[in-house]
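> Just so we're aligned: the sequence shown equals residues 1 to 179 in the numbering used here.
Beta carbons are placed, not taken as given, at the ideal position from N, Cα and C, and that holds for glycine.
For clarity, every value in this text was computed on a predicted model and none was experimentally measured.
Got a structure here, written out as structure tokens. Questions coming.
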Amino acid sequence: TYAKETFNGLVADGTIDEWTDILDGQTMADVQINCANDCITKGCDYVFIAPCEAEASDPAVVQMADAGIKVIVFNSMTTSTEEKAWLFSGSDDVYAGELLGQWVLDNCPDGGKYVHCNGVLGNSAQIQRTEGMHNILDPHPEFEMVMDEDTQWSGEKAATVAENAMAQYGEELVAIICD
């Protein structure tokens, strides 16, 4: 894989001494916590983690940081990322949600019904994008959220929600927002 080739190249050119492994947290907080414990046992100096949930994945970050590992959190935050992580790399998800909401305002000026398709519930990106969307749309009573669905960033699940919403609301439906 690309990551393995990259890390092997970093060892070959002397940038790093060695790398341990790529562990698959399987988008499950309990598995991520077990992987964190493996990293502590192996004596890792640095660990990259893409948390699946803000709250449930937090013990993985806390335990590794408390063990002296420099934890690099990317893509989504945990509840203690700002306090415990050595580095965070990711987007401003509240702003991303505000952009989604603003697009709806700009392109549907008369208002109407809309559907929100959530990402993985509990993931910081899902939480913060939802917050941003509400920051923009909630002050506008001409917009009504008629469905708030857990689609887990699955195109197939979102398509099913979209089909059902269009069948139920027809012309009244002006937007389907997928965060």
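Short check: CB of Tyr114 to CB of Ile177, under 8 Å?
yes
> Asp58 and Thr41: beta carbons closer than 8 Å?
no
> Do the segment 95-114 and the segment 43-52 touch if we need at least three Cβ pairs shorter than 8 Å?
Below 8 Å, too few C-beta pairs join the segment 95-114 and the segment 43-52 to call them touching: fewer than three.
> Given this structure, state the Cα-to-Cα distance separating Thr20 from Met64, to the nearest angstrom.
Answer to the nearest angstrom: the Cα atoms are 15 Å apart.
> Quick test of your reading: Met133 and Asp179, contact by CB under 8 Å. State the CB separation rounded to the nearest angstrom.
In this structure Met133 is in contact with Asp179, their Cβ atoms being roughly 7 Å apart against a cut-off of 8 Å.
> Does DSSP classify Ala50 as helix, strand or coil?
coil
> Exposed or buried, which one is Met77 when buried takes at least 16 other CB atoms within 10 Å?
buried
> Taking all protein chains shown into account, do 16 or more other C-beta atoms lie within 10 angstroms of the C-beta of Ser124, making it buried, or fewer, making it exposed?
buried
> Between the Cα of Gln32 and those of Gly68, Val73, Pro109, spot the shortest distance and give me the residue it belongs to.
Nearest option by C-alpha distance: Val73.
> Give me the DSSP bridge partner(s) of Ile89.
The amino acid occupying residue 89 in the given sequence is Ser; Ile does not appear at that position. As computed with DSSP, Ser89 is found in a beta bridge with Phe74.
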